[in-house]
Amino acid sequence: MYLLISILSSTAIFIVFKLLKKYNINTLQAIVVNYFVACFLGYSLYRGNINYSEIAQANWFIAAIILGFLFIAIFNVMALTAQKNGLSVASVASKMSVIIPIVFGILVFKESIGIQKIAGILLALIAVYLTAMKQKQTAVLTKSIYLPILLFLGSGIIDTSINFFAPNDNIPLFSATIFMMSAIIGIILLITKGLKTKNRFNLKCIPFGIILGIVNYCSIHFLLLALRQENTESSTLFTINHIGVLALSTLIGLVFFNEKISKMNWIGIALAFISILLVTIS
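Letter by letter, the sequence shown follows residues 1 to 282 of UniProt numbering.
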């Protein structure tokens, strides 16, 4: 159930970003509002007295601060990758990064590995490629090749670090601290860009930012709760999570946004569900 909520929340992020473009809402402004909302949710959901000096002394505090910086940095890298290399390259690079937490879980956490699980993971990677590639898009890997590499490594490091550093008993505070750091950096970016472009803050971005903040927080909160359940393995959960989000968001794009899906994309979606079945059963 936790994993399902995380997948639905992550897919909802895709829908909100689509709506931002449709209604011409400033993306960066909505994202900054989203980080403040997600931070507020984390602190609100924590059951206990919040002691900021204790938070600063927690063994996960530095990791949370670094992750907050990475959240903003990788978002910008994703945007640059889409502009320089194409949307398909950006999508594949970010989703293929799931291999990093998978390998980390197998090597560091000594999680199970077998022929069926390996087959499911490999099938999942093929599904990512087939589902993410769109027709009439030019994938330019040689141009600004460092961008998709940075996106691949950064996305994988974020997923791995969240799982590794998140405390079992303080998930809301851990998540809130990450979003707080992202919000602070986001405000600095907004002020800097505002001074250069003289763009004013648009109040229309607030409701979109609130919705984005709720689903963004839920996507991480419930994924961490799923990862902390007994008899679960991160390599399995990350595979199901990434493939589930990609397949579901593609189908939603078809049904609600009239996006065209090629035969290759349909094959990718089919392989995605087969890979989920193989990994889950294993």
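C-beta: ideal position from N, C-alpha, C; glycine also.
The structure displayed is predicted, hence computed values, not measured ones.
Query: By Cβ distance, which residues of its chain are closer than 6 Å to residue 291, with the 5 residues on each side in sequence left out?; Result: Since the first residue of the chain shown is 1 and the last is 282, residue 291 is not available in this structure.
Query: Give the straight-line distance between the Cα atoms of asparagine 24 and leucine 203, rounded to the nearest whole angstrom.; Result: 13 Å
Query: How many angstroms separate the CA atom of lysine 18 from the CA atom of leucine 225?; Result: 28 Å
Query: What is the C-beta distance between leucine 153 and threonine 81, in whole angstroms, given that I count them as a contact (C-beta under 8 Å)?; Result: Their Cβ separation, rounded to whole angstroms, is 12 Å, which puts leucine 153 and threonine 81 out of contact at 8 Å.
Query: Since serine 6 and phenylalanine 222 should fall inside the 8 Å C-beta cutoff, what is the C-beta to C-beta distance between them, to a whole number of angstroms?; Result: 4 Å
Query: Among Asn163, Phe40, Ile187, Leu8, which residue has its Cα nearest to the Cα of phenylalanine 109?; Result: Asn163
Query: Taking one C-beta from the stretch 164-176 and one from the stretch 245-260 each time, how about it: are there three or more such pairs within less than 8 Å?; Result: no
Query: Between the stretch 185-199 and the stretch 62-74, do three or more beta carbon pairs fall short of 8 Å?; Result: yes
Query: Which same chain residues, not among the five before or five after phenylalanine 179, have their C-beta less than 6 Å away from its C-beta?; Result: Tyr35, Ala38, Cys39
Query: What did DSSP end up calling tryptophan 60 once you bin it into helix, strand or coil?; Result: coil
Query: Is it buried or exposed, serine 275, if we count other Cβ atoms within 10 angstroms and call 16 or more buried?; Result: buried
Query: Would the stretch 209-216 count as touching the stretch 88-99 if we require 3 or more Cβ pairs under 8 Å?; Result: no
Query: Between phenylalanine 14 and the rest of its own chain, which residues show a CB-CB distance below 6 Å, the 5 nearest in sequence each way excluded?; Result: Ser249
Query: Hey, leucine 190 and leucine 41 are a contact pair by Cβ (cut 8 Å); roughly how many whole angstroms apart?; Result: That pair is no contact at about 21 Å.
Query: Going straight from the alpha carbon of lysine 84 to that of asparagine 76, what length do you get?; Result: 12 Å
Query: Isoleucine 214 to asparagine 49, Cα distance in whole Å?; Result: 22 Å
Query: As an exercise, report each continuous beta strand (DSSP E) stretch of at least 3 residues that is fully enclosed by the UniProt domain "EamA" (177-280), in chain order.; Result: none
Query: What is the C-beta distance between serine 235 and glycine 120, in whole angstroms, given that I count them as a contact (C-beta under 8 Å)?; Result: That belief does not hold up - the Cβ atoms of serine 235 and glycine 120 are roughly 10 Å apart, past 8 Å.
Query: Put lysine 110 into one of helix, strand or coil per three-state DSSP.; Result: coil
Query: The alpha helix (DSSP H) with alanine 132 in it runs from where to where?; Result: 115-132
Query: Is the Cβ-Cβ distance between alanine 30 and cysteine 205 less than 8 Å?; Result: yes
Query: For glutamate 111 and leucine 237, I'd like the C-alpha separation in whole angstroms.; Result: 12 Å
Query: Let me confirm a value: residue 288 is counted as buried when at least 16 other C-beta atoms fall within 10 Å, else exposed. Which label applies?; Result: The requested residue 288 is not part of the displayed model; the chain covers only 1 to 282.
Query: When DSSP labels each residue in this structure, what does aspartate 169 get in the three-state scheme?; Result: coil
Query: With a 10 Å radius around its C-beta and 16 neighbouring C-beta atoms as the bar for buried, classify valine 279 as buried or exposed.; Result: buried
Query: What residues in its chain sit with their C-beta under 6 Å from that of glycine 253, if we drop five residues either side in the sequence?; Result: Glu259
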